[in-house]
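Notes for the one structure printed next.
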Amino acid sequence: MKTLFLFLVPLFLVQQIHAQNSTGNYLYRCNHKLVQVVMEDLFTPPVATRVHVYPNIAAYEALCKKNKNMTSLAGQLHGLDKSPDATVAVDYSLSSCFAFTTVAKKLVYSEFLINDFENEEATAWLKINKNDSALMKASVAYGVTVGKHIIGYLGKDNYGYTRTLSRYVLSDSLGAWQPTGPNYANALEPNWPLIRSMVFDSSNSIKSIPPCPYSEEKNSECYKNAMEVYTQSQKIDSTKKLIASFWDCNPNILRASGHFTYFEHRISPAGHWIGITGEAVKKLNLEEYKTAQVYTLTILAEFEAILFCWTEKYKYNTLRPETYINRLISPTWKSFIETPPFPEYTSGHSTISGAASTILMSLIPQPYTFIDSTEMYIGIPARKFNSFKEAADEASMSRFYGGIHYMPALDNGLKQGREIGSYLIKNLKTL
Amino acid sequence: MNKIILPVALLLIFQSEKIKAQQTLFTLQHPDSTGVLFYNLINDTKELNVMTNEYYYNGGGVAVGDVNNDGLPDIFFSANVNDCKLFINEGNLKFKDVTEAAGVSATGDYHTGTVMVDINNDGWIDIYVCQDFDGDPEKRRNKLFVNNKNGTFTNRAKEYGVDDAGYSMAAYFNDTDNDGDLDLLVLNHPYQIQFAKTVHLTYNDQGVLVVAKDTIKPYESDRFYENINGKYLDKTAEAGLETHSFGLSALMEDFNGDGLTDIYQANDYLKPDYLFINKGGNKFVNEFDKFFGHCPYFSMGTDYADINNDGLSDLIVDDMLPEGNDRQKQLGGPNNYDEFEKLMKYGNGYQYVKNVVQLNNGNNTYSDISYYTGMAWSEWSWAVLIADFDLDGWKDVYITNGYMRDVTNMDYTKYRADSLNKELKKAKSDSDVVKLVSNIPQVKVLKCYFKNYGGLNFKREVKSTGLDQFAWSFGAAYADLDNDGDLEIVVNNSNDYAFILKNNTIENKTGASVRIKLNGTANNIHGIGTKIVAETPDHLTQTLIFNPMKGYLSSHDNTILIGVGKYPTVDLNITWPDGKTQQLNGVTPNQLLTINYADATEVTSDSTAIAPLFKDVTADTKINYTHTENAYIDFKLEPLLPYRFSQLGPCITVSDFNGDKLDDFFVVGAKEKAAVIFFQNANNTFTKSDQSVFAADKMFEDGACITIDFDRDGDNDLIVTCGGNEYPNMELNYPVRFYLNDGKGNFSKSKFSNQFFTSANTITADDYNKDGTIDYFIGGRTVPGHYGLIPNSYLLTIINDSLTELQSTRFLNKAGMVSTALWADINNDSWKDLVLAGHWMPLTIYYNNNGILNQTPQQLNNSSGWWNKIVIADIDNDGDNDLLAGNLGMNTRYRGTVEKPVTMVVSDFDGNGSTDCLVSTFVKGKSYPIAFRDNLLDQMPYLRKKFLRYHQYANATLSDIFSADQLSKADNLKANNMYSGVFINDGVGNFTQINFPTEAQLFPVNGIQITNINDDTIPDILLAGNNYSTEVETGRNDAGIGLALIGRGDGSFGSLPVTQSGFFVPGDVKCLEKIIVGGKTIFIAGKNKGQLQLMRRAD
């Protein structure tokens, strides 16, 4: 098991884990570990946001017991009750770490990877804390208690129910989404819109913007949008190609060559922004409360963004540019990056990037420039950005360069994502 | 090119042979003893390894023939990267490597298939070698080593026009234009493996998405060469044989018995197999779909020979389905249903990852019986050899298999390959590559041998036959290497020494043979295409068509062996390709017979074809009605279903609806399709009637229908149930409906409708309690969306003008998953009993005690099956009712027996509100769930944590998956009898089961009619069936083509070949009904997504 683990973890991440050992970075290490495990377990983008969000909420809820300036999310998120208080003296920092891992283990498949991580953390803590194993046990136990509280919370988010529903059934109607090559995979997570939102309901929902109606007329908006994608693909330059690849973030690519097929283990859009958040946390050496706030709100924004976006996707069930262009413009045209298997409108990456960047712009002191090296593990060089907003704009445009979205899906997705981010910043009391 | 470095210690598999009194059928000869030191060495390099091009691992061929005319067959091996080798047979299984002197090494090129052929008919055999892979076309030119008659050979491929520069796999010589000389087919394939799994789609003129026409590229298409005066001319385009597919083997044989050589091409990957029918004049047209129901997904090797001694050659094509539960669960996953549908939609046909054994029906159709014969899987398979190895008169089957890396291992492809592939891209040297590729799992697999016991009974016998070698084996050929009268096998292995498998039949005195050498015509001196029919005194007739170029990349010896068992003589009839024949009677075994074409005589065929008994009269009746089915994919909600319940229609009921004393009939509709009535006209034709009352109910998927006068006004009314699976958790969408007839055949809905609800496929009516009112039994088939739960059945009656279920009969509510029911007096007490059968339930009889049904039924012992249909008749003429019962049959993966039942556990294991059902079957003596890991986890996501990887699930049994507590709370269902047959009644309800003959066990029987076929006094029967809506891993049951069975009077039946009966009813037949038209009995077959077919006895 150990060898398998080493085999899969990108080397630079391992080094980072051991480079820092101050308590403030528990959540940094927790989140990095979780990103790797999510990759290993091949979670789809929507499910990945769910796997990421609840552990951070658990860590936040444990930590806010330590700092009276931190406001619990209980009562602020739909259905979340107060966590039990600790009954003995504990190190809340360590507790928050174990609250995180307890929930993470519930959600991932490869629990053993998290177990290994817990052992490492516990060993390191004992070293710093003079082998105070009684305190460690109490802290871990409290972390597990908070974790179990959150596990109870996530158990009611309809995820289990959505597993009992029908898988996606193809529609014959003309403008409807169709599977795309090379794998013609089933549409992912058609029932995701039934997942409980933690922030939004009918009273405060983000406004849905319908896509243009399907048309094959040459002067229709639909045709023009597709033509725009097609024209762009004919003159794409190396920078745009690089951008498309940098933000590809498709965790579900199946490569096939003859009898031999294999799955690429890639970071998801949510994971990419967790990476960006982590780099900021590290670079600015944020203290633990701020760290918890930044991670929790960013990832919560991503979770809500995907939930909203997926609702749009299956409400409008729009076909991908590849299908449209093959049908009406060029029968052999292929998108530059692989077209992912779910409806086009709106763009998940745009929505998630809009939401995450808005949180980060608000919580991280500006101006902030950064180098994003998240994709180096697959050999794509790091990119420099002058702001989170700039990165989000580029992430969004990358879907157009990649040929997998029409422009309105990016514009509207980004806009709606930013609205989600702003709403969270405005309405959730944290620190 | 690396020279072979022979390992010092030879492999353990070549263990020295202990002398035993009775030896196994074969013994592997030590290469040191035979001198056949041929070792097909495959080294991974930076440029060529399994990750860059997997065809690099596809192995080499074997050609056997007497190249030096000393009476002993010699052996030529094609090596992939090293030198090819020629071994001269010096007798007693001693060989000498003469490669260098002969000049046939073909050094420096990459070789694939090889055949021996006398290209110039000079009496000296030549060698043809195919070449592949090299980027330089000149280095890919196939070689023809022409025999210089002095132990040396010269490559004269160019001179003969056969120096094909394509990416060649294999070559086949046969006469396609009946001009007496041999033409040539060369199988080529695209170089880029990424074409393998891509469907290129495009829009046609009408804007419809269709498969793009293949781009035919030089070097990638098959090539067909016509022999014109000894020279070969490329006529590929004219012949219609341009291809863009990965053909791994082909057969040049006559598949439709018209005297012209056709071409079957086995295609790897997405492309379905081709059957190019020879239209004469060297024009070919692919007519695969007319002849076959489906093919292997990844077709590899092929052979064509008569396995059941009915005079017709049968086809075997092998695939790569692993053997045993453990490897099936780890290698390759389930097919994605949408992908499967897509393949069908875009013309890639029905393809399943398994071998096919296509039994020749004699009417230009074939039925796959791979599950019945147990030959559906044989690992990643290559050569298939059909020959009578034990000389008992029945041809056996030997299959070579293995692939040097398990690239389809799911743990590897899902969790290891990604990082490995990244590292491979960075690899700097060959040794880096070797190191990295060694991370891919590697398993040597056991060869397969199926002994033929006659009557389509084959048994996998590997150890007892001495064929239990573990190796990666590819091309193979048979030949009597020691001239003792039995067939040795030569196998080309990768990274192992070639096998010489000595046959011990003659030494063991367990069989004998006649050896035949054909001395043919000037341009086909070995008589390729000659048919030999051998009849032994027990009237066992063997048929063999001489064609040495079969199997995989290889060719067999020219000496033909006919096994004669223990008989002292055999009669031989030889028919040469041009039709001339000769008859040799009383031939004694243990001799080599030379048969000369010169002695053959012209015969005028005096056999007048006997007209078949039945004929198709669909067109005569003017009924042109095709059943349409709504697209509901049950698997989307229930990934573990064994088959779809939404495709069980149509049901038909026959009656006079309009009072003109002529039989009409009613056909139910699928969801979104209204039921229809066909009224019979005076001139024996029919007119369709659409009625608004049925249109109003078209949202229902109709299930069963019956005709009965339920309002007692003297006309025939209708009762229709809802069937199917389309409305999960919506019970109200399954009403039982009653339709009133106004006497003229116009229907309206009765108030009795919509009072009882269940998904039912059977309904039966009778006044069982003789109270003057009719009683209706409605048998529930399934709980929509919750397969495995027992649906509701009802016994209803009309009391005081209201439809009522009596409290006293509610014990029938949970009678089972009923599919067929009838009222019949079983115990001769003049009271009709209720007979039920269904899936996962035994044949069940509720006895009628003076009008009251026994609450405890009789359940026939060991009769739990997947029953579809029961009818009653006094089959043995002893005065009581016997049962005729149609079941799943035995040509399936779900072969339940008393010792090895098919079982299903049913429960909501994860408590999420969906019903989880898991079917298990026995594999090698142990019961395992049939579901692949992905499907299991799709249904029960919580199990993901238990089975993080495929290998963890690979050996899991139910008790590894579920806790004892979970299992104790689950329902356990079982099926232990899948045979269709007769249950003979002794008059007091004791039954004896007599199975229908083998031919009736090859398909699910859905329709049974009793009739008299041969005009004697004994009842005969007609059967029809199939099931096209199975899950996509097992593949559809399409072997049924209708079957006529002749009664023998004692309850047993003999089957009539379709060539004699004419009762050809193919398709997804769901019911078979009887109707009188113009005084004659006509049989109507209702087919799912098929046209109504009407058959009657010919005059």
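Protein sequences, first through last, are from chains G and Y.
For the first sequence, the numbering used here gives the first residue as 6, with consecutive numbering after it.
For the second sequence, the numbering used here gives the first residue as 12, with consecutive numbering after it.
For each residue, glycine too, the CB sits at the ideal point set by N, CA and C.
Boundaries (first-last residue) of the alpha helix (DSSP H) holding residue i
| i | result |
| --- | --- |
| residue 111 of chain Y | 110 to 113 |
| residue 130 of chain G | 116 to 133 |
| residue 373 of chain G | Careful: residue 373 of chain G lies outside any alpha helix (DSSP H) and carries neither H nor E. |
| residue 660 of chain Y | Segment: none, residue 660 of chain Y is in no alpha helix (DSSP H) and carries neither H nor E. |
| residue 1085 of chain Y | Here residue 1085 of chain Y belongs to no alpha helix (DSSP H); instead the beta strand (DSSP E) covers 1080 to 1088. |
| residue 270 of chain Y | Looking at the DSSP string, residue 270 of chain Y is not in any alpha helix (DSSP H), and its letter there is neither H nor E. |
Interface residues of chain G facing residue i [CB-CB closer than 9 Å]
| i | result |
| --- | --- |
| residue 398 of chain Y | Neighbours of residue 398 of chain Y on chain G: none; closest Cβ ~29 Å, over 9 Å. |
| residue 648 of chain Y | 169, 170, 171 and 172 |
| residue 60 of chain Y | Those do not exist, as residue 60 of chain Y stays about 11 Å from chain G at its closest Cβ, beyond 9 Å. |
| residue 924 of chain Y | 165, 166 and 169 |
| residue 307 of chain Y | Neighbours of residue 307 of chain Y on chain G: none; closest Cβ ~13 Å, over 9 Å. |
| residue 223 of chain Y | 336 and 337 |
Delimiting residues of the beta strand (DSSP E) encompassing residue i
| i | result |
| --- | --- |
| residue 393 of chain Y | 392 to 398 |
| residue 915 of chain Y | 913 to 918 |
| residue 1006 of chain Y | 1002 to 1006 |
| residue 594 of chain Y | 592 to 598 |
| residue 264 of chain Y | 258 to 264 |
Contact set between residue i and chain G, taken where Cβ atoms lie within less than 8 Å
| i | result |
| --- | --- |
| residue 1051 of chain Y | In chain order: nothing, as chain G lies at least about 30 Å away. |
| residue 429 of chain Y | 267, 268, 269 and 270 |
| residue 360 of chain Y | Within 8 Å Cβ-Cβ: nothing; residue 360 of chain Y doesn't reach chain G, min ~16 Å. |
One or two residues paired with residue i in a DSSP bridge
| i | result |
| --- | --- |
| residue 1107 of chain Y | Y:626 and Y:1093 |
| residue 850 of chain Y | Y:828 and Y:877 |
| residue 142 of chain Y | Y:122 |
Cβ separation of residue i and residue j, assumed to be a contact under 8 Å, to the nearest whole Å
| i | j | result |
| --- | --- | --- |
| residue 557 of chain Y | residue 543 of chain Y | 7 Å |
| residue 100 of chain G | residue 67 of chain G | 5 Å |
| residue 261 of chain G | residue 208 of chain Y | 5 Å |
| residue 743 of chain Y | residue 722 of chain Y | Contact flag wrong, Cβ pair sits at about 25 Å. |
| residue 562 of chain Y | residue 665 of chain Y | Contact flag wrong, Cβ pair sits at about 51 Å. |
| residue 881 of chain Y | residue 871 of chain Y | So it is not a contact: roughly 11 Å between Cβ atoms. |
Contact list for residue i against chain G, beta-carbon separation under 7 Å
| i | result |
| --- | --- |
| residue 955 of chain Y | 114 |
| residue 207 of chain Y | 263 |
| residue 418 of chain Y | 264 and 265 |
| residue 959 of chain Y | 114 and 115 |
| residue 65 of chain Y | 263, 264 and 265 |
Proximity test, residue i beta-carbon vs the ligand ADP heavy atom, cut-off 7 Å
| i | result |
| --- | --- |
| residue 329 of chain G | The ligand ADP is not part of this structure, which contains no ligands at all. |
Amino acids of chain Y, ordered along the chain, whose beta-carbon sits closer than 8 Å to that of residue i
| i | result |
| --- | --- |
| residue 109 of chain G | By Cβ distance, chain Y contributes nothing, its closest Cβ being about 13 Å from residue 109 of chain G, past 8 Å. |
Proximal residues of chain Y, C-beta to C-beta of residue i below 9 Å
| i | result |
| --- | --- |
| residue 426 of chain G | Those do not exist, as residue 426 of chain G stays about 31 Å from chain Y at its closest Cβ, beyond 9 Å. |
| residue 190 of chain G | 347, 349 and 350 |
Proximal residues of chain Y, C-beta to C-beta of residue i below 7 Å
| i | result |
| --- | --- |
| residue 175 of chain G | 349 |
May I have a chain-ordered list of the alpha helix (DSSP H) segments no shorter than 4 residues that lie completely inside the segment 275 to 330 of chain Y? Every alpha helix (DSSP H) stretch that sits fully inside the segment 275 to 330 of chain Y and reaches 4 residues is listed by chain position as 299 to 302.
Kindly provide the ranges of any alpha helix (DSSP H) runs that are 4 or more residues long and lie completely inside the segment 168 to 241 of chain G, ordered along the chain. With a minimum length of 4 residues, the unbroken runs of alpha helix (DSSP H) contained wholly in the segment 168 to 241 of chain G fall at 226 to 239.
Where are the alpha helix (DSSP H) runs, 4 residues long or more, that stay fully inside the segment 81 to 140 of chain Y, in chain order? 110 to 113
In chain order, what are the residue ranges of uninterrupted alpha helix (DSSP H) at least 4 long that sit wholly in the segment 324 to 351 of chain G? 326 to 333
Beta strand (DSSP E) segments (min. 3 residues) lying fully within the segment 24 to 81 of chain Y: 37 to 39 and 73 to 76
As an exercise, report each continuous beta strand (DSSP E) stretch of at least 3 residues that is fully enclosed by the segment 432 to 484 of chain Y, in chain order. 459 to 463 and 469 to 471
Completely contained beta strand (DSSP E) runs for the segment 248 to 305 of chain G, where each covers 3 or more residues: 258 to 262 and 265 to 269
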